[in-house]
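First the structure, in the form of structure tokens, and then the observations on it.
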Amino acid sequence: MTEKIILHLDMDSFYASVEVRDNPDLKGLPVVIGADPLEGKGRGVVSTCSYEARTFGIHSGMPISRAFELCPQAVFLKPDMRKYARASESIMSLLREIGGEIEQVSIDEAYMDLSSYLTYENASGHAADIKQEILLQEKLTCSVGIAPSRTYAKIASEYQKPNGLTVISPFDLPGFLSPLPVLTIPGVGKKSAGVLARAGISTIGDIVRTDIQVLQEIFGSHAVRLHEIASGTDREGLRESGPRKSISRDRTFLEDAIDTTVIMEHLNLMVLSLSHELTERRMYSRTIGIRIRNRNFITRTKSVSFMQPVRDARILQKTINSLFAEIWTGEPVRLIGVRCSGLVLLDPVQKTLLDYLPDNEA
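If you number the sequence shown the way full-length UniProt numbering does, the last residue is 362 and the count never jumps.
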């Protein structure tokens, strides 16, 4: 069974970063998004703040009056949710385009399943490209974690904020988790941490070394799950909210590729892999597209839709070869990608495009 490779992406200080992006004069200043502080008499709370503001002790959820006390010289702005929603929509659309299957869990964070990249090295390269693409297109930074489950990926994304990329392989996971404070585990709050501290448990490693019965006395039925996470054996992936709409493959070259034979070889391997996955899922694709990025990170895309959905490798390869010939300008290629979208499950007796072709076609 293929080991899961899950990515968690969290935009850095999202609301504040969008404001700074749209108003460069705010760069380097403590920016606080939230209610009007009313010169320290405001009753609202801080939604988020820039990292410069955090150096003064300001944090999300803090009373806005307290934030004003800590840093009266900060720039206080009311949230503009329409602006943030537009930025979020652009980012999530970008993730779906270049990454494939995602699970958006909030306005500024999402999970992605990168198991198809097979190795953590390949997944890490893809994550670096995602970060670069978001920076280029949206002028915003994000922190990314990659690990064998959604819980560990979230822990990893918090590890090197802002603009971090932390990769935890299954082999490294126990050693990575052991010294971290129990508060690192998503869902363990200050109250739970206090209870654990009174039992002499302060790190994730302490949880592993504690008898499960002791944990059950504290957390009841949740103790088993907590111990599983602390032990590094959790493997929960994406929580799919609906049928998958697209699958994709791409390849980032260590050195820009110019040899057509090399590029086409990788394209054909990606098409074969996609065709195999479609067959395994008993699905067909209505649209196939290609993506080419050059050394300057300029990306060109082109796609074509079929009259009847397909999954046969011969048809997919022929189509991709044609799209490549149309879109490639002869410049060195940094990244090449193929995406099948408009995925559908068909009735076994329903005809597909392959049924209309003679045996010597494709």
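For each residue, glycine too, the CB sits at the ideal point set by N, CA and C. As the structure is a prediction and not an experimental result, all values here were calculated from the model.
Three-way DSSP call (helix, strand, coil) for residue i in this model
{"i": "residue 188", "result": "coil"}
{"i": "residue 37", "result": "coil"}
{"i": "residue 199", "result": "coil"}
{"i": "residue 24", "result": "helix"}
{"i": "residue 221", "result": "coil"}
{"i": "residue 176", "result": "helix"}
{"i": "residue 62", "result": "coil"}
{"i": "residue 261", "result": "helix"}
{"i": "residue 17", "result": "helix"}
{"i": "residue 235", "result": "coil"}
{"i": "residue 151", "result": "helix"}
{"i": "residue 107", "result": "coil"}
{"i": "residue 50", "result": "coil"}
{"i": "residue 326", "result": "helix"}
{"i": "residue 255", "result": "strand"}
{"i": "residue 206", "result": "helix"}
Residue(s) in a DSSP beta bridge with residue i
{"i": "residue 292", "result": "300, 336"}
{"i": "residue 145", "result": "8, 166"}
{"i": "residue 76", "result": "32"}
{"i": "residue 287", "result": "305, 341"}
{"i": "residue 249", "result": "338"}
{"i": "residue 229", "result": "In the DSSP output, where bridge partners are listed per residue, residue 229 has none listed."}
{"i": "residue 113", "result": "6"}
Straight-line Cα distance separating residue j from residue i
{"i": "residue 194", "j": "residue 341", "result": "48 Å"}
{"i": "residue 10", "j": "residue 185", "result": "16 Å"}
{"i": "residue 12", "j": "residue 189", "result": "21 Å"}
{"i": "residue 129", "j": "residue 286", "result": "27 Å"}
{"i": "residue 81", "j": "residue 279", "result": "42 Å"}
{"i": "residue 220", "j": "residue 212", "result": "10 Å"}
{"i": "residue 344", "j": "residue 308", "result": "11 Å"}
{"i": "residue 267", "j": "residue 89", "result": "29 Å"}
{"i": "residue 117", "j": "residue 67", "result": "44 Å"}
{"i": "residue 202", "j": "residue 181", "result": "6 Å"}
{"i": "residue 233", "j": "residue 158", "result": "20 Å"}
{"i": "residue 39", "j": "residue 72", "result": "8 Å"}
{"i": "residue 176", "j": "residue 168", "result": "8 Å"}
{"i": "residue 259", "j": "residue 310", "result": "29 Å"}
Residue environment, residue i, which counts as buried when at least 16 other CB atoms sit within 10 Å
{"i": "residue 127", "result": "buried"}
{"i": "residue 197", "result": "exposed"}
{"i": "residue 112", "result": "buried"}
{"i": "residue 325", "result": "exposed"}
{"i": "residue 317", "result": "buried"}
{"i": "residue 146", "result": "buried"}
{"i": "residue 28", "result": "exposed"}
{"i": "residue 304", "result": "exposed"}
{"i": "residue 349", "result": "Note that residue 349 has pLDDT 42, beneath the 50 cutoff, so the model's placement of it is unreliable and no number is given."}
{"i": "residue 298", "result": "exposed"}
{"i": "residue 276", "result": "exposed"}
{"i": "residue 274", "result": "buried"}
{"i": "residue 148", "result": "buried"}
{"i": "residue 262", "result": "exposed"}
{"i": "residue 109", "result": "buried"}
{"i": "residue 269", "result": "exposed"}
Distance CB(residue i)-CB(residue j) smaller than 8 Å
{"i": "residue 364", "j": "residue 16", "result": "An answer regarding residue 364 cannot be provided, because it is not within the stretch 1 to 362 covered by the chain."}
{"i": "residue 35", "j": "residue 45", "result": "yes"}
{"i": "residue 42", "j": "residue 58", "result": "no"}
{"i": "residue 320", "j": "residue 271", "result": "yes"}
{"i": "residue 18", "j": "residue 183", "result": "no"}
{"i": "residue 162", "j": "residue 51", "result": "yes"}
{"i": "residue 102", "j": "residue 95", "result": "yes"}
{"i": "residue 333", "j": "residue 294", "result": "yes"}
{"i": "residue 133", "j": "residue 107", "result": "no"}
{"i": "residue 74", "j": "residue 30", "result": "yes"}
{"i": "residue 229", "j": "residue 151", "result": "yes"}
{"i": "residue 178", "j": "residue 164", "result": "no"}
{"i": "residue 153", "j": "residue 8", "result": "yes"}
Within-8 Å CB hit, residue i to chain B
{"i": "residue 14", "result": "Judged by its chain identifiers, the structure shown contains no chain B, having just a single protein chain."}
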